[in-house]
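One structure is given below, encoded as structure tokens.
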Amino acid sequence: MSAAGHPNTDLQIPRSALLWLLGSNLAALLPHGQHLPLWMWGLALFVLTWRGLTHLGRLSYPNRWAKVVAVFVASAAVVVAFDKSFSLESAAAFLIAASLLKLLEMRNRRDGYVVVFLSYFLLGTGFLFDQSLFSGLYGIITVWLLTSALVALHQNGFSHDAQSVRRSRRAAKLAAAILLVSLPLMLVLYLLFPRLAPLWSMALQSGKAKTGLSAEMAPGDIADLSQSDELVFRVSFSDGRVPPRDQLYWRALVLDDYDGRRWQTSGVTSEAQWYPNSWQPPAGAAGLVRYEIIQEATSQKWLFALRGVAAQEERIGMTLDDRLVVRRPLHERKRYQALSWPSVSISEEGLVPLEQRQNLLLPRGRNPQTLAWAQQRRAEAADDAAYINGVLRHFREQDFHYTLKPPLMGSEEIDDFLFNQRRGFCAHYAGALVFLARAAGIPARVVSGYQGGEWNAADGYLTVRQYDAHAWTEVWLRGQGWVRVDPTAAVAPQRIEFGLERAVAEEGTFLQDNLLSPHRFKGVSWLNQLRMEMDSLNYYWQLWVLSYDSKRQQGFLNGVLGLDDYQQGLYVLGGSFGGFFLLASLVVWWRQRPAPVSPFMRSWQRLQDKGQKLGVEPQAGETAGSYLQRLEQHCPQQQSLLRWLAAEINRSLYQPQTDKQQMLKQQRNLLRAIARVRRQLSAG
Amino acid sequence: MTSLASRWRARWKRWLDRRIPPAPQVTLNHKSIFILPTRTGLLFTLLLIVLLVTAINYQNSLIYGLTFWLFSVSLATMMFTFRNLSGLTLAAGRAYPCFAGDVIELPLRLIAAPKRFHEALLLGFPDNPAQLTDVDAAQTRTLALSFRTHKRGPLQAERLRLDSRFPLGLFNTWTWIKLDFNALVYPKPETVPFVFAAGEQGDKLVGAPSSVSGQQDFQGLRNYQPGDSMRQIAWKQLARGKGLVSKDFDHDEGATCWLDWDVLAPQSTEVRLSRLCGWVLQAHQLGWRYGLRLPGKEIAPDHSDGHRDRCLEALALYGFGGGAQ
């Protein structure tokens, strides 16, 4: 019996609703601003102006041809603007163009629905690009605006315009009330709704290149990365066991292949053992470090971990070269636990021949000066370790500089760096050391990742940003296995101890391309304090909101609700639904409960029932006096009694006692009198 | 097929009559309010599914949050939509009589619950234009609902439908209310030449100088007497501040006639009533004194607006046992 063909959906959009629709749609578009081409804003402006003029009666709606042309032009423009690439950005741009054009042609309520629903979806896709706390708060406001628009769409638009401000205010208030009422159920759902694994891998990903480490390294890359203060990951250590800063080498990539210019991964050691089949440190091992990382999306398959790591979670594996990896590129933020045993010695017995060969490989005929120098120094040194120490001493004692602005090297890069320029960033030193080691017959490789991080003492976590990117060296020594050697520590010990900012303080190049970054102002204490607190807030936002996944959900069910498995969680979910409806019905029932009947009325109705049996039908709106009179006509033998009762009732109604005690007594007497008359009527 | 459909319709009507019995005044509550999701609600569900799939595939907590919030909103809005009708009182007002086939304006009072704003209510009889209205908290609004009458007699208004999709359009809540409008529907007047009753004194127009033409000449002004037709009032004089004065016509002074049921034999009841109705109106306009004879009822000749209304009422209620006083 629903309203088929009902005029409800064909109604024109109320005038006050139009402003809501335009405004809320714009609010849903704004977060997309960062990845939209400029002309989209032109389109938005054009549409809003046209629609505004239509609203004022200056322009007519676009006709069918104009619409066809607009759709065609907008689609073509999106295709051209995104270079025919099918990415998240271009999909969002299509959606936005569609919603804008819909906005232009919307006329009746049904169009309004489409615009609002599209905007809800746009808001959702906005979260794919930005999930910050600010974006979350902005989302709340936008949901409120959109819901208000939906309410305004249903308001009675036919009453005159003078009321439109009042009406709009009411729409906003009602929307807020609806959203607030829904909040508890939303929280229950958020916490308990099963977090499923992706149903299918999304082909649609952001086309924007992510800043961060890449799979290969040219000497200048990491220096470029150092100009960014973007968050890479945050770590919290369990049991408060935080390793000293000079042990915080977050390994991401092992680069063991050098072509004379770039370092990359040969793939010899990237095979992974997947949890739970991966290596685990012995249970009672001393110096185990357990930590949890919340990592931003990298679009890469590697994770970050300390040395001697073991995979701890499903779908995470550890590689032969001691790193953590996942199966699919990480397009979302990832939260994972890891266990490291930094003091373990790796491959101390010897290397697999293939690995040994790869880690000794040098491009033929490159850097002859370095080769000769290395062979000479190795011959002078007692053993491999002494040789490496000798090289480090050379770096420390000679006139080597650590700089974010290394000069351009010649074609024989390492020769030029070691013997002429002597100025370089970590990648130069790491690369040069590996070259020197391999030249002396010592297996060696470059490791890239991050070093250090900013410790937040108040909330106990470490923040690692892009400017913490670092590259260092691992050499294989007989009897010790792979040993970490960081040549940067020899040149610029402050880099390891205090971080990049201190290391390049003299040079003044810290974040010099990023003038407004708050990280430049760590010296201003109140500003730094503010920044740290904002960072804490973001950390908790990530911890509790963004990285709430099935594992965390399990933990919540176990820890907070004391539920063992998901089935019980489902019961709670069902129970909450039931509770929600029960509560709502209770409220409805309570507000509609019949008004309590006074004892007098109850007694009087019983008297009337009696009278009705005697044939005196009570009439609607009849007073007690008039009814008693008619009763009197019916049974004249009770005349005196009935008149007495009428007088009693009148006295009690129109001449009540002022004293509380007296009043109660009077009421009791009245009830007794009515009861007496009733008895008499039954008897007679 | 049709018989099955009509049987179902009849059953549905009986069920409605039991559930929401006709009354002069109805306050809406959970017994009388129906609610179902609309097509927009289904579209919204589609949006929720798309959002949920996006949230799952991108493992995006904020989209999860948005999805769950909108889902909760859709449940909560069911309650809000219901509340928009609940507590509203509809009361029938008193309507002026009309002739069968005319559109009658039925006054309907909407009385809001003490603390509730009932917004965007769409009211109307089926097949008649609906009206959109609001009722502010603790206020009363009177609407005139149009309803095309079909049959003479006490007005048998259908159930009227009250609809609302406020606030979000995801649910439609509605009710079918049958109100006792205390209104009369006169027979549809049919204009045919007079036929006067045969016999004693009713067989012809008595003492009428201009019986045939019905021509009336203006004679002069006299003081207004209660019962004078509105048509007779000299409005110009009234406007000049000379008080209520009636125009006196050289009408068929003393012309008396009887409008008789029996002369219309062998027509059917309704046709006779229609013709009698037409005659009453004509006779009244001509200024005659006329009487009406119906089986079991006789109204003595007279001429006044009140008399005319009495005659029309008798015609309207003919055959409705309870109506004949």
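Keeping their order, the protein sequence lines are chains A and B. All residue numbers for the first sequence refer to the UniProt record's numbering, where the first residue is 1 and numbers rise by one. All residue numbers for the second sequence refer to the UniProt record's numbering, where the first residue is 1 and numbers rise by one. For glycine and all other residues, C-beta sits at the position ideal for the given N, C-alpha and C. Please read all numbers here as calculations on a predicted model, not as lab measurements.
Give me, in chain order, the residues of the same chain whose beta-carbon lies closer than 8 Å to that of residue i; leave out the 5 immediate sequence neighbours on both sides.
i                      : result
B/Asn172               : Ile35, Leu36, Pro37, Thr38, Thr81, Asp163, Ser164 and Arg165
A/Gln12                : Arg107, Asn108, Arg109 and Gly157
B/Leu221               : Ala234, Gln237, Val245, Ser246, Lys247 and Asp248
residue 689 of chain A : Absent from the structure is residue 689 of chain A, since the part of chain A shown begins at 1 and ends at 684.
A/Val677               : Leu607, Gln638, Leu641, Leu642 and Leu645
B/Gly291               : Gly202, Thr256, Cys257, Trp258, Leu259, Glu298, Ile299, Ala300, Pro301 and Asp302
A/Leu563               : Leu557, Gly569 and Val572
residue 685 of chain A : The shown model of chain A, from 1 to 684, leaves out residue 685 of chain A, and the question about it has no answer.
Using a beta-carbon distance below 9 Å, is residue i in contact with chain A?
i        : result
B/Gly65  : yes
B/Trp15  : no
B/Glu119 : yes
B/Pro167 : yes
B/Asn128 : no
B/Ala55  : yes
B/Arg308 : no
B/Tyr58  : yes
B/Thr77  : yes
B/Asp305 : no
B/Phe147 : no
B/Thr89  : no
B/Thr40  : yes
B/Val50  : yes
Is the Cβ of residue i closer than 9 Å to any Cβ of chain B?
i                      : result
A/Ser16                : no
A/Glu332               : yes
A/Gly139               : yes
residue 686 of chain A : The structure shown has nothing for residue 686 of chain A, since chain A only spans 1 to 684.
A/Val151               : yes
A/Arg109               : yes
A/Val165               : no
Compare the C-alpha of residue i against each of the options and name the closest.
i        : options                                   : result
A/Val289 : A/Leu248, A/Lys301, A/Ser278 and A/Ile316 : A/Leu248
A/Gln264 : A/Asp256, A/Phe127 and A/Tyr138           : A/Asp256
A/Asp549 : A/Asp486, A/Arg333, A/Gly212 and A/Ala432 : A/Arg333
B/Glu298 : B/Ala283, B/Gly87 and B/Leu259            : B/Leu259
B/Pro226 : B/Gly291, B/Gly306 and B/Ile104           : B/Gly306
A/Leu153 : A/Phe193, A/Gln567, A/Arg15 and A/Phe233  : A/Arg15
A/Gln451 : A/Leu118, A/Thr319, A/Gly460 and A/Pro493 : A/Pro493
B/Val185 : B/Cys98, B/Pro22 and B/Gly243             : B/Cys98
A/Glu454 : A/Ala489, A/Leu511, A/Met532 and A/Asn514 : A/Met532
A/Pro198 : B/Ala5, B/Arg14, B/Ser61 and B/Pro21      : B/Ser61
B/Phe44  : A/Ser517, A/Leu30 and A/Val115            : A/Val115
B/His118 : A/Phe72, A/Leu174, A/Ser119 and A/Ala66   : A/Leu174
B/Pro193 : B/Gln232, B/Leu155 and B/Arg275           : B/Arg275
A/Tyr467 : A/Leu213, A/Arg241 and A/Gly124           : A/Leu213
A/Arg251 : A/Met318, A/Glu271 and A/Gln227           : A/Met318
A/Leu145 : A/Ala28, A/Gly449, A/Leu371 and A/Ala77   : A/Ala28
Quick one: residues in its chain with C-beta nearer than 7 Å to the C-beta of residue i, no 5 flanking neighbours on either side, listed in chain order?
i        : result
A/Thr315 : Here residue 315 of chain A is Arg; the residue named in the question, Thr, does not match the sequence. Around A/Arg315: Val326 and Arg327.
B/Ala130 : Leu122, Leu123 and Gly124
A/Ala427 : Met217, Pro219, Asp221, Ile222 and Ala471
A/Arg64  : none
A/Arg366 : Gly260 and Glu412
A/Val434 : Ala444, Arg445, Val446 and Thr473
A/Glu355 : Val268 and Thr269
A/Arg241 : Val289
B/Ser146 : Val103, Glu105, Asn128 and Pro129
Return the chain-ordered list of same chain residues with a C-beta closer than 6 Å to the C-beta of residue i, the five sequence neighbours on each side being excluded.
i        : result
B/Val26  : Leu90 and Ile177
A/Gln358 : Asp256, Ser266 and Val268
A/Leu553 : It is worth fixing the name first, because residue 553 of chain A is Gln in this sequence and not Leu. Excluding residues within five positions, the ones whose Cβ falls inside 6 Å are Arg195.
**Prompt:** Using 8 Å as the Cβ pair cut-off and three pairs as the minimum, do the region 282-297 of chain A and the region 331-349 of chain A touch?
**Reply:** yes
**Request:** Evaluate the contact criterion for the region 415-425 of chain A versus the region 210-227 of chain A: three or more CB pairs, one atom per stretch, below 8 Å.
**Result:** yes
**Message:** Counting beta carbon pairs with one atom in the region 514-529 of chain A and one in the region 37-57 of chain B, are three or more of them shorter than 8 Å?
**Reply:** no
**Request:** Would you check if the region 604-623 of chain A and the region 105-117 of chain B touch, i.e. whether three or more CB-CB distances between them fall below 8 Å?
**Result:** The region 105-117 of chain B makes no contact with the region 604-623 of chain A; the number of CB pairs closer than 8 Å stays below 3.
**Request:** Please determine if the region 192-205 of chain A and the region 165-181 of chain A are in contact, where contact requires at least 3 C-beta pairs separated by less than 8 Å.
**Result:** no
**Message:** Quick check for students: name the residue ranges of the beta strand (DSSP E) that lie wholly in the region 455-526 of chain A, counting only runs of 3 or more.
**Reply:** 461-465, 469-477 and 481-485
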